[in-house]
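The structure appears right after this line, and notes come after that.
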Amino acid sequence: MKFKAKISKANTLLKTVQNIMKIYNECICHITPDKLRFIIQSDFNDGMQVFCEIQRSLIFENFTIESLSDNEIQFQLDLENLRRVLQSATSQATPSDVFTNLTKVRGGPVLHFTIKSSTSGTVIFQDIPIVLLTAQQMAQINEPTLPDPLVHILLPNLKNLQKVIDKMKNISDCLKVMIAMNNRLSFEVETSSGSISTFYSGLDHPQFGDHVLSPDLSATVCVDIKKFAKVLHIHQLKPSEVVLCLYERSIIVHVVLSGIMITYYLPVLIKN
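Here is the structure:
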């Protein structure tokens with residue numbers, strides 16, 4: 003088993019890690035000849051999942067990977083450890099070259115990082131402990147397969163939306179989300195004395211498959227507002243497109259960037 007590469011865009015990788023770790027720190031990293039994947043499946047009671055896929059050519063140069071599992075390597079790691087390494091590499095006063103490789107330290111597998119200052123010649127070494135997974139274990143970790151959503155819509159400006167949701171989460175734990183296929187979206191929280199809502203119109207509906215939904219169709223679900231607020235931090239990556247999809251038992255947020263795709267799965271709150 004062999005893996006080594008130069009990280010050509012450490013800052014892009016850092017921002018991605020900083021955002022997905024808001025959901026959970028423990029993560030599965032899956033490296034293939036073409037892609038780098040981060041998979042987060044938080045504990046059973048929380049129910050949130052994140053699947054992040056980055057094109058290998060976007061962040062790696064001088065890339066080598068070899069394994070008996072179709073040249074794929076998968077392992078568990080703590081994203082906080084990775085964040086610290088990438089923060090160290092990107093916070094230098096001068097540009098740094100960052101190299102990583104899979105090796106062993108005192109008999110245990112680690113991701114070894116070498117950070118070289120391009121001007122001062124300073125070299126920093128850092129190791130992240132990992133737990134290697136077999137191909138059989140990886141085969142049990144699958145992204146959910148779902149039918150077409152009940153309704154879906156492109157979200158408005160995430161930074162502005164985050165400010166609205168942050169104010170709402172001080173009022174209620176439950177966020178009511180309504181999407182109407184006539185380009186409308188609303189968020190609502192209820193109080194003992196009434197409700198507070200915000201409405202958006204003129205939003206687009208990207209097409210899923212061949213089925214075209216009627217403009218008269220709408221759906222409403224309730225989700226944990228604090229979980230939804232965590233997803234909105236992704237605005238820091240300046241995504242080109244963010245699609246919100248409603249299902250009977252979950253909502254899905256698809257985040258599209260250049261060379262990066264992130265999908266968040268949030269459970270719906272079931273009211274008794």
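With positions in the sequence shown counted from 1, the corresponding number in the working numbering is that position plus 2. Cβ coordinates follow ideal geometry from the N, Cα and C atoms, glycine included.
Shown here for LEU234: same chain residues with a beta carbon closer than 7 Å to its own, the five before and five after excluded, namely LEU160, LEU163, GLN164, ILE167 in chain order. At least 7 Å separates the beta-carbon of LYS118 from that of VAL112. For PHE5, there is no enclosing alpha helix (DSSP H); the residue is part of the beta strand (DSSP E) that begins and ends at 4-9. Residue burial is scored here from C-beta neighbours: LEU148 has fewer than 16 other C-beta atoms within 10 angstroms and is therefore classed as exposed. Secondary structure at LYS106: strand, using DSSP grouped into helix, strand and coil.
With at least 16 other beta carbons inside 10 angstroms of its own, THR18 counts as buried. Of the candidates PRO158, LEU219, THR121, the residue whose Cα lies closest to the Cα of PRO151 is LEU219. Ranking ILE173, ALA182, THR105, TYR202 by CA distance to the CA of VAL191 puts ILE173 first.
Beta-bridge partners assigned by DSSP to TYR249: none are found. Around the beta-carbon of VAL214, fewer than 16 other beta-carbon atoms lie within 10 Å, marking it exposed. CA-to-CA, the gap between GLU82 and GLN20 works out to about 8 Å. By the 16-neighbour rule on beta-carbons within 10 angstroms, PHE127 is exposed.
Apart from sequence neighbours up to five positions away, the residues of its chain that approach LEU88 with a beta-carbon distance below 7 Å are ALA12, LEU15, LEU16, VAL19, ordered along the chain. For LYS229, the uninterrupted alpha helix (DSSP H) segment begins and ends at 227-233. Contact between the stretch 51-61 and the stretch 32-40 is established, with three or more Cβ pairs separated by less than 8 Å. Rounded to the nearest whole angstrom, the CA to CA distance from GLN51 to PRO269 is 9 Å.
Check the Cα spacing between ILE25 and each of ALA231, ILE262, HIS256, GLU74: the tightest is with ALA231. Collapsing the DSSP output to three states places HIS237 in a helix.
ASP99 is bridged by DSSP to LYS118.
Taking C-beta atoms under 8 Å as the contact rule, ASP99 and ASN27 fail to qualify, at a distance of about 27 Å.
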